[in-house]
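Working notes, structure below.
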Amino acid sequence: MTPKNAATARPTTAELDLLQVLWRLGAADAKAVHEALLPERPEATYATVLRQLQVMHGKGLLDRDESQRPQRYAPVHAQDKLQQSLVKDFISRAFAGSGKALVLAALKNHVSAKERAEIRQLLTKNGDEA
Numbered sequence: 001m002t003p004k005n006a007a008t009a010r011p012t013t014a015e016l017d018l019l020q021v022l023w024r025l026g027a028a029d030a031k032a033v034h035e036a037l038l039p040e041r042p043e044a045t046y047a048t049v050l051r052q053l054q055v056m057h058g059k060g061l062l063d064r065d066e067s068q069r070p071q072r073y074a075p076v077h078a079q080d081k082l083q084q085s086l087v088k089d090f091i092s093r094a095f096a097g098s099g100k101a102l103v104l105a106a107l108k109n110h111v112s113a114k115e116r117a118e119i120r121q122l123l124t125k126n127g128d129e130a
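Numbered per UniProt numbering, the sequence shown spans residues 1 to 130.
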């Protein structure tokens, strides 16, 4: 079985939790990942974390350095790159490819007044640079 292309692999919620830890820590062994994950997910066992890291490596989401013991895992893609891929996929599936529809849905219910002001400022700034 060949690993899936990480760009097409959609991480599960649990995998995203581990990716968040690895983006924060950098390359790390399973013990360090487990310890860093415990405050957010106290029910997670070391064995589960190790197995999940192995599965993620198989899916092409993680690189594994086997030259040292314990083995160290690192995300294949930077956080922003994977997030952009996931958002693009989500827009395609849930909003018929319309980024505008996504933004309007987000602005309707999920953005505070302060965030709206920041978005207006960002749009104004980007409009001036265009």
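Cβ atoms here follow ideal geometry from the backbone N, Cα and C, with glycine treated the same way.
Owing to the predicted nature of the structure, the values given are computational and were not obtained by experimental measurement.
To the nearest angstrom, how far is it from the Cα of residue i to the Cα of residue j?
i	j	result
Thr12	Arg120	33 Å
Arg51	Lys81	25 Å
Val55	Arg72	14 Å
Ala74	Leu19	8 Å
Glu115	Leu122	10 Å
Arg10	Gly97	18 Å
Lys31	Ala44	12 Å
His34	Gly127	44 Å
Ala94	Lys100	12 Å
Using a threshold of 7 Å, is the CB atom of residue i nearer than that to any non-hydrogen atom of the ligand NAD?
i	result
Thr124	Absent from the structure shown: the ligand NAD. Ligands present: none.
Could you pull out every residue in the same chain whose Cβ sits closer than 8 Å to the Cβ of residue i, ignoring the five residues on either side in sequence?
i	result
Gln68	none
Thr2	Since pLDDT at Thr2 reaches only 40, below the 50 mark, its modelled position is unreliable, and no value is offered.
Arg41	Asp17
Lys125	none
Near residue i, what residues of its chain come up, given a Cβ to Cβ distance below 7 Å and the 5 sequence neighbours on each side ignored?
i	result
Val76	Ala6, Gly60, Leu61, Leu62, Asp63
Return the chain-ordered list of same chain residues with a C-beta closer than 6 Å to the C-beta of residue i, the five sequence neighbours on each side being excluded.
i	result
Ala27	Arg72, Ala74
When the Cα of residue i is compared with those of the options, which residue comes out closest?
i	options	result
Arg24	Gln79, Glu66, Ala47	Gln79
Tyr46	His57, Asp29, Asn109	Asp29
Inset, instruction - Run through the segment 16-71 for me and flag every whole beta strand (DSSP E) of 3 or more residues, listed as ranges in chain order. - result: 62-65
Inset, instruction - Let me know the beta strand (DSSP E) ranges lying completely inside the segment 69-113, each 3 residues or longer, listed in chain order. - result: 72-75
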